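Chains A and B, in that order, are what the protein sequence lines are. Note that the working numbering gives residue 56 to position 56 of the first sequence, counting from 1, and the numbers run on in steps of one. Note that the working numbering gives residue 1006 to position 6 of the second sequence, counting from 1, and the numbers run on in steps of one. Worksheet: the structure to be examined is printed underneath.
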Amino acid sequence: MNVFRLTGDLSHLAAIIILLLKIWKTRSCAGISGKSQILFALVFTTRYLDLLTSFISLYNTSMKVIYIGCSYATVYLIYMKFRATYDGNHDSFRVEFLVVPVGGLAVLINHDFSPLEILWTFSIYLESVAILPQLFMISKTGEAETITTHYLFCLGLYRALYLFNWIWRYYFEGFFDMIAIVAGVVQTVLYCD
Amino acid sequence: EDDANLKDEL
């Protein structure tokens, strides 16, 4: 664990909490792309299946449980509890155009052709494009509430910090994962705008 | 190779 990864995880956690609290307090999900939130829930589900098979640390396990719990809670609030405030007309990005190519790529380019590894690779590729429906929705509505921009900033910052984490780990541990790095660069670039 | 599979990152 290094300072970049820790601040990255905390920034990620902050983004997830900011969004969840914003929807809960305002009792509205106006301006929020439910599709992006579903994609994030899918990212965490496919990436953290190893919760069932391996224990790395209390921090690792608790953060994974929190991420999964909050992402499903957010999806629940959008599509169930505050469904009336969901702006479906503007949330019209065709996610199948993301999931299918990402799924195909995960099967073609991965570290190991095992189910868990392919699902992990799928989650890495999907996470890099999961924000597109949200960005698309903001471009259609032409506006983003302040809190949504805070959410996007923290979310973008998290993966940018992970890039520094990977530089750190390569330099000090000789560890690097090309798939995560390439997807992380794509993800960070997407947030820059 | 196995450390690449050990996913210790979130």
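Every residue gets a Cβ at the ideal spot worked out from N, C-alpha and C, and that includes glycine. Note that the coordinates shown come from a computational prediction; the quantities given were computed from them, not determined experimentally.
Query, Result
"Let's test the definition: count the other Cβ atoms within 10 Å of the Cβ of alanine 130(A) and tell me whether it reaches 16, buried, or not, exposed.", "buried"
"Determine, using beta carbons only, whether isoleucine 56(A) comes closer than 8 Å to chain B.", "yes"
"Can you give me the C-alpha to C-alpha distance between phenylalanine 93(A) and arginine 169(A), rounded to a whole angstrom?", "36 Å"
"Can you check which of these residues, Thr7(A), Asn165(A), Tyr191(A), Gly88(A), is closest to isoleucine 32(A) by C-alpha distance?", "Gly88(A)"
"Pairs of beta-carbons, one from the stretch 106 to 121 of chain A and one from the stretch 20 to 34 of chain A, closer than 8 Å: are there three or more?", "no"
"Would the beta-carbon of glutamate 127(A) fall within 8 Å of that of alanine 183(A)?", "yes"
"In the DSSP assignment, find the unbroken alpha helix (DSSP H) run with phenylalanine 4(A) in it and report its ends.", "3 to 26"
"Within a Cβ cutoff of 7 Å, which residues of the same chain sit near valine 107(A), ignoring the five residues on either side of it in sequence?", "Ile118"
"In chain B, which residues lie with their C-beta within 7 Å of the C-beta of aspartate 9(A)?", "Leu1010"
"So, at 6 Å on beta carbons, what are the nonlocal neighbours of glutamate 1001(B) in its own chain, with the 5 sequence-adjacent residues on each side left out?", "The predicted model places glutamate 1001(B) with a pLDDT of 40, which falls under 50 and marks its position as unreliable; any figure quoted below should be read in that light. Around glutamate 1001(B): no qualifying Cβ."
"How many Å lie between glutamine 187(A) and threonine 53(A) at the Cα?", "28 Å"
"Specify, as a first and last residue, the run of the alpha helix (DSSP H) that arginine 83(A) falls within.", "No alpha helix (DSSP H) contains arginine 83(A), which DSSP labels as neither H nor E."
"List, in order along the chain, the chain B residues whose C-beta lies closer than 7 Å to that of tryptophan 120(A)?", "Lys1007"
"Mapping the DSSP letters down to three states, classify glutamate 1009(B) as helix, strand or coil.", "coil"
"Could you confirm whether any beta carbon from chain B is found closer than 8 Å to the beta carbon of lysine 81(A)?", "no"
"Below 9 Å on C-beta distance, what does aspartate 50(A) contact in chain B?", "Lys1007"
"Strictly below 8 Å CB to CB, what residues from chain B border asparagine 60(A)?", "Asp1008, Leu1010"
"So which residues on chain B does arginine 5(A) lean against when the C-beta distance must stay under 9 Å?", "Glu1009, Leu1010"
"Go through its chain and collect everything with a Cβ distance to phenylalanine 122(A)'s Cβ below 7 Å, but skip five positions before and after it.", "Thr46, Val102, Gly103, Ala106"
"Mind checking glycine 8(A): buried by the 16 CB within 10 Å criterion, or exposed?", "buried"
"Beta-carbon within less than 7 Å of lysine 35(A)'s beta-carbon, same chain only, minus the 5 sequence neighbours each way: which residues are those?", "Asp91, Phe93, Val95, Pro133"
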